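Residue numbers for the sequence shown follow this note's numbering, so the first one is 876 and each next one is one higher. Shown next, in structure tokens, is the structure this report addresses.
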Amino acid sequence: MLDILAFIEQKRDGKVHDSIQIENFVRGCMDGSVPDYQIAAWLMAVYFRSLNSEELISFTRALADSGDKIVFPEDMVVLDKHSTGGVGDKTTLIVIPIVSSLGVPIAKLSGRGLGFTGGTIDKLSSIPGISLQLEAREFINQVMEIGCAISGHSKALAPAEGFFYALRDVTGTVPSIPLIASSIVSKKLAGGANRFVFDVKFGNGAFMKKKDESIALAETLVGLAKAFDKKALALLTNMNAPLGRWVGNSAEVQEALDVLRGDGPQDTRNLCLSLSAAMLLIADRVKTMEEGIACAQKAIESGKALRQFKKLIEFQKGRLSDAVLAGEEMMPLAGKIAEVKSDREGYITACNALNVGLALRKLGGGRMKKGENIDLTVAIELLKKTKDHVDAKEPMARIYFNNENSLEEALNLIRDAFVVGEAPPSSELLVERII
Ligand code: URA
């Protein structure tokens, strides 16, 4: 029997739990014998006192083992990729078809957007008919048959993770590196993949604003995955500006298709090539990032990656016309348009991703609380990106919206997102480092 009060006091005083205590605690939380107020007190103690690496492994294992698990055949290499979340981040839609078209199986579990960040499941929901809540058997069969599947998390996988996340969300204990890392890795372990690439973002449009916090998170994620004998790599990537030219759910599917056809914005294309290369590296398909980038580029140029995207969508019962796939027709966009113009001539020195993410949410394209409905057709088109020249009165962004209610606020957020200076800024690296 766990003495829950002594357990909380132990962490409050910075002492170390053993693995049996942690297992009993997680079990007690899930069977209702530990009340929420004591769980919340423990979470806050962890927020201030942290978990050492043994505690982190025990807690992650207890979360991962709390429900069903997806199991692929032994010895099968299966990858998953995880982004810590950003604005305009449509990389999953591009990287999964690229890498799986090269023969590397990917079992991708994704989430919905929350706050100012978007989620892959919302973006894909803009494709009519698509099925995004696959049963474990369907998920496994699809990966075996076509080499990839994308599904929302089933509540049956790592249910304790969802339970703890909901409490963290309302107790100010989300931004804790051990709690974030255990949350992410436990879901990945339950999802059946055995090699992981983490895209850990830093900057104003990321969950972690400071680079050193992101480095600590990236190192913790990779170390934790390795403690479970899973190969892992993390890319530390810049989220100070939105990725690509489009932010908004259906518009981002459109932009992902542009990149898969060999077009699309350079920042998005480059990040996707790097993420694909990291996945090929971790799958032992290439020996260097450069070789991986070249393979990924070839998958795009040959049309293989786009064909794989089409297959993935069709397999999940989505209906995308050939005209949309070919870029001859657009994904649905909200019908009303407003523009944000520059009040001076100069160069764009910054485009604040957080403001753009918040503006999309104001327009109804993002949610404040889990479960809220969102408008998948609202979008922000960035006509100017950092370093671009702009004339006075020239449009910098275009907003596609349906509802005028929060339009003024959204326009102000976007106006404030842009900084126009005398000279273009020096280049910032998109991929800062690989961990
Ligand atoms: N993403 C997750 O999956 N979990 C967290 O705790 C934070 C971000």
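Just so you know, even glycine gets a beta-carbon here, dropped at the ideal spot from N, CA and C. Please read all numbers here as calculations on a predicted model, not as lab measurements.
Check your understanding: Relative to the alpha-carbon of M1271, which residue among E949, A1107, D1218 and L954 has its alpha-carbon at the smallest distance?
Key -> Here residue 1271 refers to the residue found at position 396 when the sequence shown is read from its first residue. Per the Cα distances, D1218.
**Study point:** Straight-line gap, L1155 to K965 (C-alpha atoms, nearest Å)
**Key:** Residue mapping note: residue 1155 aligns to position 280 of the sequence shown, counting from 1. Residue mapping note: residue 965 aligns to position 90 of the sequence shown, counting from 1. Approximately 19 Å, taken between the alpha carbons.
Check your understanding: Below 8 Å between beta carbons: does that hold for K944 and L1032?
Key -> By one-based count along the sequence shown, residue 944 stands at place 69. By one-based count along the sequence shown, residue 1032 stands at place 157. The answer is yes: Cβ separation under 8 Å.
Review point. Considering only residues of the same chain and omitting the five flanking positions on each side of E1220, which have a CB-CB separation below 6 Å?
Key: Translated into the one-based positions of the sequence shown, residue 1220 becomes position 345. Contacts found: D1266 and A1267.
Exercise for review: Have a look at N1145 and E1297 and give me their C-alpha separation to the nearest angstrom.
Suggested key: Position 270 of the sequence shown, counted from the start, is the residue given in the question as residue 1145. Position 422 of the sequence shown, counted from the start, is the residue given in the question as residue 1297. Those two C-alpha atoms are separated by around 27 Å.
Review point. Could you give the residue range of the alpha helix (DSSP H) that holds P1053?
Key: To locate residue 1053, count along the sequence shown from 1; it is residue 178. I1052 to A1065 is the span of the alpha helix (DSSP H), which, as asked, contains P1053.
Check your understanding: Quick one: Cα of M919 to Cα of G1047, how far?
Key -> Residue numbering aside, residue 919 sits at position 44 when the sequence shown is read from its first letter. Residue numbering aside, residue 1047 sits at position 172 when the sequence shown is read from its first letter. Each residue's alpha carbon lies about 8 Å from the other.
Exercise for review: Note down, in chain order, each residue of its chain lying with its Cβ closer than 7 Å to the Cβ of K1179, except the 5 sequence neighbours on either side.
Suggested key: Here residue 1179 is taken as the residue at index 304 of the sequence shown, counted from 1. Once the five neighbours on either side are set aside, the close Cβ partners of K1179 are S976.
**Study point:** Residue closest to H1028, alpha-carbon to alpha-carbon, out of E884, R1290, W1121 and K1063
**Key:** Here residue 1028 is taken as the residue at index 153 of the sequence shown, counted from 1. Of the listed residues, the one whose Cα sits closest to H1028 is K1063.
Check your understanding: If you draw a straight line from the alpha carbon of I1310 to that of L1108, how long is it in whole angstroms?
Key -> Residue mapping note: residue 1310 aligns to position 435 of the sequence shown, counting from 1. Residue mapping note: residue 1108 aligns to position 233 of the sequence shown, counting from 1. Answer to the nearest angstrom: the Cα atoms are 6 Å apart.
Exercise for review: Could you tell me whether the Cβ atoms of A1228 and G1078 are closer together than 8 Å?
Suggested key: Position 353 of the sequence shown, counted from the first residue, corresponds to residue 1228. Position 203 of the sequence shown, counted from the first residue, corresponds to residue 1078. Against a cut-off of 8 Å, the Cβ pair of G1078 and A1228 comes out as a contact.
Review point. What residues in its chain sit with their C-beta under 7 Å from that of M1206, if we drop five residues either side in the sequence?
Key: On the sequence shown, residue 1206 is found 331 positions in, with the first residue counted as 1. Excluding positions up to five away in sequence, the list reads S1001, S1125, A1126, V1128, Q1129 and V1199.
Point to revise | Whole runs of the alpha helix (DSSP H) within the segment 1140 to 1227, excluding any shorter than 4 residues | key: 1141 to 1157, 1164 to 1176, 1179 to 1190 and 1197 to 1200
Review point. Just the Cα atoms here: how many angstroms apart are K1030 and E1269?
Key: On the sequence shown, position 155 is the one that residue 1030 refers to. On the sequence shown, position 394 is the one that residue 1269 refers to. For K1030 and E1269, the distance between alpha carbons rounds to 48 Å.
**Study point:** Length of the line joining the Cα atoms of I1052 and F923
**Key:** What you label residue 1052 is simply residue 177 of the sequence shown in a count that begins at 1. What you label residue 923 is simply residue 48 of the sequence shown in a count that begins at 1. Between I1052 and F923, the C-alpha separation is close to 11 Å.
Exercise for review: Could you say if the segment 981 to 997 and the segment 1015 to 1026 meet the contact criterion of at least three C-beta pairs nearer than 8 Å?
Suggested key: yes
Check your understanding: Quick one: Cα of A881 to Cα of Q913, how far?
Key -> As a first step, residue 881 is located in the sequence shown; it is residue number 6 there, counting from the start. As a first step, residue 913 is located in the sequence shown; it is residue number 38 there, counting from the start. Roughly 11 Å between the two C-alpha positions.
Check your understanding: Looking at the structure shown, is E1307 part of a helix, part of a strand, or coil, going by DSSP?
Key -> Position 432 of the sequence shown holds residue 1307. Reduced to three states, the DSSP call for E1307 is strand.
Practice item. Could you please give me the residues that DSSP links to H1264 through a beta bridge? Key: Walking along the sequence shown from the start, residue 1264 turns up at place 389. Answer is Y1222.
Review point. Opposite H957 in the DSSP bridges: which residues?
Key: Indexing the sequence shown from 1 puts residue 957 at position 82. Beta-bridge pairing links H957 to F1073.
Check your understanding: By how many angstroms is the C-alpha of D1074 removed from the C-alpha of V1122?
Key -> Residue mapping note: residue 1122 aligns to position 247 of the sequence shown, counting from 1. Residue mapping note: residue 1074 aligns to position 199 of the sequence shown, counting from 1. Cα-Cα distance, rounded: 18 Å.
Review point. Does DSSP put V891 in a helix, a strand or coil?
Key: Here the question's residue 891 lines up with position 16 in the sequence shown. Three-state result, V891: coil.
Review point. In the segment 1008 to 1046, which residue ranges form an unbroken alpha helix (DSSP H) of at least 4 residues, counting only runs that do not cross its ends?
Key: 1011 to 1021 and 1034 to 1044
Review point. Do you know how far the Cα of M876 is from the Cα of L1110?
Key: Here residue 1110 refers to the residue found at position 235 when the sequence shown is read from its first residue. Here residue 876 refers to the residue found at position 1 when the sequence shown is read from its first residue. Using only the alpha carbons, I get a separation of about 42 Å.
Practice item. Provide the residue span of the beta strand (DSSP E) that contains P972, from first to last. Key: Position 97 of the sequence shown, counting from 1, holds the residue named residue 972. Run containing P972: none in the beta strand (DSSP E); it sits in the alpha helix (DSSP H), T966 to S976.
**Study point:** Any residue whose CB is nearer than 5 Å to a heavy atom belonging to the ligand URA, listed in chain order
**Key:** I1055, S1058 and I1059
Point to revise | Beta-carbon proximity of I973 to S1151, cut-off 8 Å | key: For this step, residue 973 is matched to residue 98 along the sequence shown. For this step, residue 1151 is matched to residue 276 along the sequence shown. Yes. Within cutoff.
Exercise for review: Please name the residue in K886, G942 and I883 whose C-alpha comes closest to that of D906.
Suggested key: The count along the sequence shown starts at 1 and reaches residue 906 at position 31. Checked all of K886, G942 and I883; the closest Cα to D906 is G942.
Practice item. Count the other CB atoms, across all protein chains shown, that sit within 10 Å of the CB of N1248; report buried if there are 16 or more and exposed otherwise. Key: In the sequence shown, counting from the first residue as 1, residue 1248 sits at position 373. Its Cβ having fewer than 16 others within 10 Å, N1248 is exposed.
Check your understanding: Which whole-angstrom value is the C-beta distance of V909 and F900, which I expect to be below 8 Å?
Key -> As a working note, residue 909 is residue 34 in the sequence shown. As a working note, residue 900 is residue 25 in the sequence shown. Right, the Cβ-Cβ distance comes to about 7 Å (below 8 Å), so this counts as a contact.
Exercise for review: Indicate whether L1096 and M1083 have their beta-carbon atoms separated by less than 8 Å.
Suggested key: Indexing the sequence shown from 1 puts residue 1096 at position 221. Indexing the sequence shown from 1 puts residue 1083 at position 208. The answer is no: Cβ separation not under 8 Å.
**Study point:** In DSSP terms, what F1293 is bridged to
**Key:** The sequence position of residue 1293 within the sequence shown is 418, counting from 1. Partner(s): C1226.
Practice item. Pick out whichever of I932, G1193 and A1153 has its Cα sitting closest to the Cα of I1005. Key: Your numbering for residue 1005 matches position 130 in the sequence shown. Nearest C-alpha to I1005: G1193.
Review point. Does the beta-carbon distance from I1289 to N1230 come in below 8 Å?
Key: Here residue 1289 corresponds to residue number 414 of the sequence shown, with the count starting at 1. Here residue 1230 corresponds to residue number 355 of the sequence shown, with the count starting at 1. Contact: yes.
Review point. Going straight from the alpha carbon of I1274 to that of L1282, what length do you get?
Key: The sequence position of residue 1274 within the sequence shown is 399, counting from 1. The sequence position of residue 1282 within the sequence shown is 407, counting from 1. Going from the Cα of I1274 to the Cα of L1282 covers about 9 Å.
Exercise for review: Could you check which residue in A1171, E1165 and E1203 has the C-alpha nearest to that of D1133?
Suggested key: Position 258 of the sequence shown, counted from the start, is the residue given in the question as residue 1133. It is E1203.
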